[in-house]
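First comes the structure, then the notes that go with it.
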Amino acid sequence: MSKGISTKPPSGMRDFLAPDVARRRHVLGVVQRVYESFGFVPLETPTIENLTTLLGKYGPEGDQLLYRLLHRREKLARALEAGADEAGLADEGLRYDLTVPLARVVANYKDLPTYYKRYQIQPVWRADRPARGRFREFYQCDVDVIGTQSLVAEAEVCGAIATVLKELGFSDFKIHVNHRELLRAFVTDAGIAPENESLALIALDKLDKIGRDGVLKELGEKGIEPAAGERLLAALEAAREPGALGRLTGGEPLVELFALAAAGPASDHLLFDPTLARGLSYYTGPIFEITCEGLAGSLGGGGRYDNLIGMFGKQQVPAVGFSLGLERVLLVMEERAMFPDLGVGPEVLLCRMKEVPAHDAIRVASELRSKGVRVEVFADTPQLKKQLNYANNLGAPYAAVLGESELQAGTIALKNLESGEQVTVGVAEAADRIRSRA
RNA sequence: GUGGCUAUAGCUCAGUCGGUUAGAGCGCCAGAUUGUGGUUCUGGAGGUCGCGGGUUCGAAUCCCGUUAGCCACCCCA
1295 MSKGISTKPP SGMRDFLAPD VARRRHVLGV VQRVYESFGF VPLETPTIEN
1345 LTTLLGKYGP EGDQLLYRLL HRREKLARAL EAGADEAGLA DEGLRYDLTV
1395 PLARVVANYK DLPTYYKRYQ IQPVWRADRP ARGRFREFYQ CDVDVIGTQS
1445 LVAEAEVCGA IATVLKELGF SDFKIHVNHR ELLRAFVTDA GIAPENESLA
1495 LIALDKLDKI GRDGVLKELG EKGIEPAAGE RLLAALEAAR EPGALGRLTG
1545 GEPLVELFAL AAAGPASDHL LFDPTLARGL SYYTGPIFEI TCEGLAGSLG
1595 GGGRYDNLIG MFGKQQVPAV GFSLGLERVL LVMEERAMFP DLGVGPEVLL
1645 CRMKEVPAHD AIRVASELRS KGVRVEVFAD TPQLKKQLNY ANNLGAPYAA
1695 VLGESELQAG TIALKNLESG EQVTVGVAEA ADRIRSRA
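Under the numbering used here, the first residue of the first sequence carries the number 1295, and numbering increases by one thereafter.
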């Protein structure tokens, strides 16, 4: 505030103080445990990827949102001298998601198992405009199954995601399911030119928000004939009828997926949604998106991408994945007060009277720590009330006082800050009492 | 990228029709005699009113610009 240097983190990026970190770790712990219980193994990849890896995988909007890194030193000077444009000034970028790096890894390590199930929990970066629940740096929690076209893979990734959400206490989430081929068939059957397919899909995606007339209007603005738009909407509305999926040509894979998933944790949460489109261009088969009450965007999304890995080499390898957005989950959990008590900070603050040498406090703290207690030693020796007040503000459940008399007797005065009770006991008993919250 | 709203103390905000030294609550710091917190009481620190320009005798207040943040779209996780 004083010298005019902004102390805020960059737009769309955040600092996490202790309570934030505790909540994030709580969620990540559940995610990791559940993913591992489904047999997924961890992967971590670099923050930075070559632009050749990233570009052309996400569609034109995605490419625009990439954080690009300028050439360094002489290369930059040469590029500037040569009058390079924006694209020519950068050669690397921050990863935009975890799926494309995974595809690169699979193409790069030819000795990976034929079936590779990996999970990955890392931040990604998008130069998007920040909004509620949307950041420029955020964590994705991905599970992917590489090497099979079996719908068992879809059922398993949906099951893993559903299990995580249930264990965190969600009950009202829906996993919307659609199929890229099904969507394509809707569009072409309606008589819409293939080049307008993605435009039509984006308009369709808003059916719930802007309604039938709104979608028709938007289709019209994009140059799609009203008659074709009507046919498309009529077909989709028919597809939304209960049981319609089984009668649709091309609906078989989803019928099978629903049957498989019915045996797993996602069973009550899957929902066929013929209007679900999804923007990322690499999806080829079933696509997913998770919604829940009170959240405009999604908690996560995914789908099958059988052609992506092949973009990095000669070999086509089928794959399907699902990604959970950590900050979306946190946002909803915070609003709904879904967090249990997350103990952070020391369990006991060791206070010391002026006449006690500091090394005695350090020794006592070490003894307590060796018995499994989280201990903070108060560094200074102001009035005891200040030390206790600090312990109180920390939220520590106990304070311990080490004074002349305790030092002589080999004890500490252990005070329960909630009840106010105080006992003078040996270090071992103090540790027992703290751990049992006596 | 589009539309709207906001910007005053660390936080949440008040500030009349343009008028003199810009306020409150919370928080913070210090006290209310010896080694005991939460409650109470007293005192204190902390502001170029986002930034730049304009109108005016006079601007936190009106006008223009700018930056940042928020909300709704778009898109996404």
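Where a beta carbon is used, it is the ideal one built from N, C-alpha and C, also for glycine.
Contact set for residue i: own chain, Cβ-Cβ below 7 Å, skip 5 residues either direction
{"i": "residue 1572", "result": "1581, 1583, 1595 and 1597"}
{"i": "residue 1349", "result": "1357"}
{"i": "residue 1373", "result": "1365, 1382 and 1383"}
{"i": "residue 1697", "result": "1647 and 1650"}
Residue i burial status per 10 Å Cβ neighbour count (16 or more: buried)
{"i": "residue 1476", "result": "buried"}
{"i": "residue 1295", "result": "Confidence in residue 1295 is poor, its pLDDT being 33 and thus under 50, which makes the residue's placement unreliable; the coordinate value appears in the next sentence. Residue 1295 should be labelled exposed."}
{"i": "residue 1579", "result": "buried"}
{"i": "residue 1795", "result": "As displayed, the chain neither begins before 1295 nor continues past 1732, which places residue 1795 out of reach and without an answer."}
{"i": "residue 1386", "result": "buried"}
{"i": "residue 1411", "result": "buried"}
{"i": "residue 1656", "result": "exposed"}
{"i": "residue 1409", "result": "exposed"}
{"i": "residue 1590", "result": "exposed"}
{"i": "residue 1652", "result": "exposed"}
{"i": "residue 1640", "result": "buried"}
According to DSSP, residues forming a beta bridge with residue i
{"i": "residue 1428", "result": "1425"}
{"i": "residue 1417", "result": "1433"}
{"i": "residue 1482", "result": "BP columns for residue 1482 are empty, so no partner."}
{"i": "residue 1595", "result": "1583 and 1617"}
{"i": "residue 1470", "result": "1565 and 1583"}
{"i": "residue 1408", "result": "In the DSSP output, where bridge partners are listed per residue, residue 1408 has none listed."}
Contacting residues, own chain, Cβ-Cβ under 6 Å from residue i (five flanking each side not counted)
{"i": "residue 1493", "result": "1516"}
{"i": "residue 1432", "result": "1621"}
Whole-angstrom distance between residue j and residue i, CA atom to CA atom
{"i": "residue 1645", "j": "residue 1695", "result": "5 Å"}
{"i": "residue 1438", "j": "residue 1677", "result": "58 Å"}
{"i": "residue 1429", "j": "residue 1620", "result": "11 Å"}
{"i": "residue 1587", "j": "residue 1467", "result": "7 Å"}
{"i": "residue 1723", "j": "residue 1315", "result": "32 Å"}
{"i": "residue 1745", "j": "residue 1303", "result": "This structure cannot settle anything about residue 1745, because the visible part of the chain is limited to 1295 through 1732."}
{"i": "residue 1478", "j": "residue 1544", "result": "10 Å"}
{"i": "residue 1417", "j": "residue 1618", "result": "12 Å"}
{"i": "residue 1510", "j": "residue 1527", "result": "8 Å"}
{"i": "residue 1375", "j": "residue 1427", "result": "41 Å"}
{"i": "residue 1632", "j": "residue 1730", "result": "25 Å"}
{"i": "residue 1392", "j": "residue 1726", "result": "45 Å"}
{"i": "residue 1484", "j": "residue 1452", "result": "31 Å"}
{"i": "residue 1369", "j": "residue 1379", "result": "14 Å"}
{"i": "residue 1520", "j": "residue 1354", "result": "27 Å"}
{"i": "residue 1508", "j": "residue 1352", "result": "27 Å"}
{"i": "residue 1574", "j": "residue 1602", "result": "11 Å"}
DSSP three-state assignment for residue i, whether helix, strand or coil
{"i": "residue 1725", "result": "helix"}
{"i": "residue 1456", "result": "helix"}
{"i": "residue 1566", "result": "strand"}
{"i": "residue 1297", "result": "With a pLDDT of 45 at residue 1297, under the threshold of 50, the predicted position of this residue should be treated as unreliable, and no value is reported."}
Beta-carbon proximity list for residue i, same chain, < 8 Å, skipping 5 on both sides
{"i": "residue 1716", "result": "1707, 1708, 1709 and 1710"}
{"i": "residue 1628", "result": "1317"}
{"i": "residue 1592", "result": "1583, 1584, 1585, 1619 and 1622"}
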